[in-house]
Amino acid sequence: MQVTEIMTRGVETVAPDTSLQQAAEAMEAMNVGSLPVCDGMRLVGTITDRDIVVRGVAAGRSPVETLVSDCMTEDIAYAFSDE
856 MQVTEIMTRG VETVAPDTSL QQAAEAMEAM NVGSLPVCDG MRLVGTITDR
906 DIVVRGVAAG RSPVETLVSD CMTEDIAYAF SDE
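Heads up, the sequence shown is in our numbering, so the first residue is 856 and it goes up one at a time.
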């Protein structure tokens, strides 16, 4: 089996300089709990609804002023479609 057989295509992403509020709004609109974070075409991390709550809101950060890059998880594992 290859990754291409089970992967999701057409995934929406957010940029590291997106606000937490904008990321949360995108998650709500797509009914998802996480989004890949890309700097151009380069995957740099992931942001989850839990990251927004725990690393952002619970830490007293403003969702409007705090960026995804401040709360995202870096060093994520990934695979290419032909693997």
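Backbone N, C-alpha and C fix where the C-beta goes; we use that ideal spot for every residue, glycine too.
| query | result |
| --- | --- |
| Assign Thr873 to one of two classes, buried (16 or more other C-beta atoms within 10 Å of its C-beta) or exposed (fewer than that). | buried |
| Check whether the Cβ atoms of Val919 and Leu890 sit closer than 9 Å, and answer yes or no. | no |
| In whole angstroms, give me the CA-to-CA distance for Ala879 and Asp937. | 31 Å |
| Give the straight-line distance between the Cα atoms of Thr903 and Glu883, rounded to the nearest whole angstrom. | 12 Å |
| Given a threshold of 16 other Cβ atoms within 10 Å of its Cβ, counted over all protein chains shown, does Met927 qualify as buried or as exposed? | buried |
| Would you please state the rounded distance, in angstroms, between the beta carbons of Asp894 and Pro871? I believe it to be under 8 Å. | 6 Å |
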